[in-house]
Structures are given as structure tokens and as C-alpha cells.
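Colleague: Take the sequence shown: its position 87, counting from 1, is numbered 87 in UniProt numbering, and each next residue is one higher. Glycine residues also receive a C-beta, built at the ideal position from the N, C-alpha and C atoms. The model shown is predicted, which means the values in this text are computed figures rather than measured ones. The structure follows.
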Amino acid sequence: MSKKVNDIDLMIIGAGPAGLTAGIYSSRSKVNSLILEDAIVGGQVKNSYTIENYPGFKEVEGSELADLMQQQAVSLGATIDEFDMIEKVSLSNEKKIIETSSCIYNAKTVIIATGAQPKKLPIPSEEKFSGKGVHYCAVCDGAMYEGKVIGVVGGGNSALEEAQFLSRFAEKVLIIRRHDYFNGEQKRVDEVEANPKIEIMYNYDLVDVNGDNFMESAIIRNTKTGEEKEIEMKAVFGYIGTKPKTDLFKQDIKLDKQGYIITDENMNTNVRGVYAAGDVRAKRYRQITTAVSDGTIAALEAEKYILDNK
Numbered sequence: 001m002s003k004k005v006n007d008i009d010l011m012i013i014g015a016g017p018a019g020l021t022a023g024i025y026s027s028r029s030k031v032n033s034l035i036l037e038d039a040i041v042g043g044q045v046k047n048s049y050t051i052e053n054y055p056g057f058k059e060v061e062g063s064e065l066a067d068l069m070q071q072q073a074v075s076l077g078a079t080i081d082e083f084d085m086i087e088k089v090s091l092s093n094e095k096k097i098i099e100t101s102s103c104i105y106n107a108k109t110v111i112i113a114t115g116a117q118p119k120k121l122p123i124p125s126e127e128k129f130s131g132k133g134v135h136y137c138a139v140c141d142g143a144m145y146e147g148k149v150i151g152v153v154g155g156g157n158s159a160l161e162e163a164q165f166l167s168r169f170a171e172k173v174l175i176i177r178r179h180d181y182f183n184g185e186q187k188r189v190d191e192v193e194a195n196p197k198i199e200i201m202y203n204y205d206l207v208d209v210n211g212d213n214f215m216e217s218a219i220i221r222n223t224k225t226g227e228e229k230e231i232e233m234k235a236v237f238g239y240i241g242t243k244p245k246t247d248l249f250k251q252d253i254k255l256d257k258q259g260y261i262i263t264d265e266n267m268n269t270n271v272r273g274v275y276a277a278g279d280v281r282a283k284r285y286r287q288i289t290t291a292v293s294d295g296t297i298a299a300l301e302a303e304k305y306i307l308d309n310k
């Protein structure tokens, strides 16, 4: 059976803060647009426990903020096609074709806002224990380990925040940190250091995890002495950075060495009428506020491109 072919002014790929913001702006401008999302609307924000640095909210749960963004976009007329997997993308100055499992879209403009996903822990048994002790989302899986000893690997804000969250369930949270310092905000560091249920293991690396069907222990190595030891631990949560979701676009769109999309300050990629916004874009800072800013600029630029090329 042949797929239906639709013409559209603007295709927004990804429904995190950048994509939802672009949807809000394009809907208010009456641009014929569609937001495609192959997973859960809200992006990584959905899995954040507490957010304290988004203007207008002294403190808000990530899932609540993501839901409010989605509700606002939909109330203004945005259409979100969730769980429609993209199979193929072809982007050029002349044509922009996005093929999903159910439809083929010919778009005048495209905003890529696919974000990034957590990097997997570089340990031999990662795949074996994925979902069985090796995790990347504390909000999703933390409650499984009520009263257990669990670990967090990482040194940025995400690791610090999720260790705090996990301490609500765990008997003890061990932060495995390869250096003797953190890269996160000092406020977060102070909170973690003051938490009696969190122990920081400075100058240690996670080497591997052991167990039968489920993880039962972790092997760690001292980064200064090289000494290894095995400690009882029922789970480990990895927060060692993110990897951009750009595999669909790498044949057409210029990427940096890390795989992030290269743009100018107005979100333009190397292809005319194609923009990138949010964590998928090559930039120094990746925050919810910067993603929202990117989505705003990309939507305004897309609208201008459509009007200029009528």
C-alpha cells in the first residue's frame, strides 16, 4: 500500500522545549506546520525531577513543565504526531522530504529539534544489565531500588540532581566521580555534600558491574593509585554526557566532530530552509532556556523564509 503524500510549510522534528516553542510560534503565525516526535513529548525535561532555573517558576517538576509547554502549543493550534517513526530524510536546497512509517511529507522548511540522548556507560556489561541495574533515568527507574545501595556516575549538574532525587528511595547513594571536583553548580554540590544519604567517591572510575540476572555489585578503580575493588551495589545510573540524535541528517547536514549540527546565530544550517534548535545544535550551553530561545529564532526564521519564497 502506497503512503499518503502531504505538502506542508514547516516540519518540526522533535517535541522537546525547542520543538514545542517552535510549534507555539508557528501556530500563532498561522504557518501550516506539524511537530513529529518518535518518543515522548517533552524530551529530556520530562525526566528531570526538579527545575529551579526556568524563569517564572521558583521550582517546578520537569514533567509538569513539559506538560505545560505541550498544552500551550496544542491550545494555540499546534499539531503533534507522536510515536510516528521517521524512516528516511532527504534535505536539499530544492527539496525537503521526510518519510515516516505512515506518510511522506514534502516540506518547505524544516526545524531539527531532536535533542540528545544519554551516553551509555563504557563498561563491558552495559548491554547485559541494561534495565537490570544499569539505568539513565532516575525519575523513571529510581523507585525500583527502595532501601538499596545504588550508584551515580558523573560530575555535572545532572549527576548531582539525580543523586539527590535517588536519595529519597535508596539506603545510600554512592557518587562515583573520576576527578576530585565537580563541574556542576556550587549550590548543587553543597546540597549533595550535606545529604547524609549520599557518599561521594572522588577519584574513582566505574570499571564494570557484576551479577547473575540482575546487577549485584560494581567494580571501581582509583584513578590515582590504580587500585580496584568490588562493592555491593544494586544499580548504577549514568550521567556522563549526551550524544546528539543526528543520524538521520548526517548525509545532508554539516555536523561538528561530536555529531552536533552546525548553525549560525539564526539557527540556519548549511541547507537553505533547514534550521536546528536546542540540544542537537553545536553550542557551548545546553539549558532549557537556551533551547526555548533557539526554537523561537528558528520558527521566526522559517516563517520569514516561507514568506520570502512564495
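CA-CA distance, Pro196 and Phe83?
Modeller: Counting from one through the sequence shown, the residue named residue 196 turns up at place 196. Counting from one through the sequence shown, the residue named residue 83 turns up at place 83. Using only the alpha carbons, I get a separation of about 41 Å.
Colleague: With a threshold of 6 Å on Cβ separation, who are the neighbours of Gly184 within its own chain once the five nearest residues in sequence on each side are excluded?
Modeller: Taking the first residue of the sequence shown as position 1, residue 184 is located at position 184. Result list for Gly184: Gly156, Asn157 and Leu160, in chain order.
Colleague: What does the alpha-carbon distance come out to for the pair Val45 and Thr263?
Modeller: Within the sequence shown, residue 45 is the residue found at index 45, counting from 1. Within the sequence shown, residue 263 is the residue found at index 263, counting from 1. In a straight line, the C-alpha of Val45 is about 23 Å away from that of Thr263.
Colleague: If you follow the alpha helix (DSSP H) that Phe165 is part of, which residue opens it and which one closes it?
Modeller: Residue numbering aside, residue 165 sits at position 165 when the sequence shown is read from its first letter. It spans Asn157 to Leu166 - the alpha helix (DSSP H) in which Phe165 sits, taken as one unbroken run.
Colleague: Quick check on this structure: which residue in Ala299, Ser217, Val74 and Pro17 has the alpha carbon closest to the alpha carbon of Lys132?
Modeller: By 1-based counting over the sequence shown, the position of residue 132 is 132. Comparing Cα positions, the closest option is Ser217.
Colleague: CA-CA distance, Leu166 and Ile51?
Modeller: Translated into the one-based positions of the sequence shown, residue 166 becomes position 166. Translated into the one-based positions of the sequence shown, residue 51 becomes position 51. Each residue's alpha carbon lies about 15 Å from the other.
Colleague: Which residue marks the beginning of the alpha helix (DSSP H) containing Lys197, and which one marks its end?
Modeller: Locating residue 197 in the sequence shown gives position 197, counting from the first residue. Note, Lys197: premise wrong, no alpha helix (DSSP H); not H, not E.
Colleague: In the DSSP assignment, find the alpha helix (DSSP H) that holds Gln71 and state where it starts and stops.
Modeller: What you label residue 71 is simply residue 71 of the sequence shown in a count that begins at 1. Its alpha helix (DSSP H) spans residues Gly62 to Ser75.
Colleague: Could you check whether the stretch 221 to 235 touches the stretch 243 to 260, counting it as contact only if at least three pairs of C-beta atoms, one from each stretch, sit closer than 8 Å?
Modeller: Short answer: they don't touch.
Colleague: Starting from Asp81, trace the alpha helix (DSSP H) in both directions and tell me its first and last residue.
Modeller: The residue labelled residue 81 in the question sits at position 81 within the sequence shown. No alpha helix (DSSP H) holds Asp81; the beta strand (DSSP E) holding it covers Ile80 to Glu82.
Colleague: Starting from the Cα of Ala116, find the closest Cα among Val207, Lys96 and Gly278 and give me that residue.
Modeller: As a working note, residue 116 is residue 116 in the sequence shown. The shortest C-alpha separation from Ala116 is found at Gly278.
Colleague: Please tell me whether Asn47 and Val152 are closer than 7 Å, where the distance is taken between their beta carbons.
Modeller: Position 47 of the sequence shown holds residue 47. Position 152 of the sequence shown holds residue 152. No, the Cβ-Cβ distance between Asn47 and Val152 is not below 7 Å.
Colleague: Could you say which of Ile13, Ala170, Gly273 and Gly14 lies nearest to Met144 if we only look at CA atoms?
Modeller: The sequence position of residue 144 within the sequence shown is 144, counting from 1. Among Ile13, Ala170, Gly273 and Gly14, the Cα nearest to that of Met144 is on Ala170.
Colleague: For the candidate residues Ser33, Gly19, Leu36 and Glu94, whose alpha-carbon lies nearest to that of Asn309?
Modeller: In the sequence shown, the residue the question calls residue 309 occupies position 309. Ranking the options by Cα distance to Asn309, first place goes to Glu94.
Colleague: Do you know offhand how far Ala302's Cα is from Lys4's?
Modeller: Position 302 of the sequence shown holds residue 302. Position 4 of the sequence shown holds residue 4. Rounded to the nearest angstrom, the two C-alpha atoms are 24 Å apart.
Colleague: Distance, Cα to Cα, Ile198 vs Asp67?
Modeller: On the sequence shown, residue 198 is found 198 positions in, with the first residue counted as 1. On the sequence shown, residue 67 is found 67 positions in, with the first residue counted as 1. Going by the C-alpha atoms only, they are around 31 Å apart.
Colleague: Per DSSP, residue 337 is paired with what?
Modeller: No information on residue 337 is available, as it lies outside the stretch 1 to 310 that the chain covers here.
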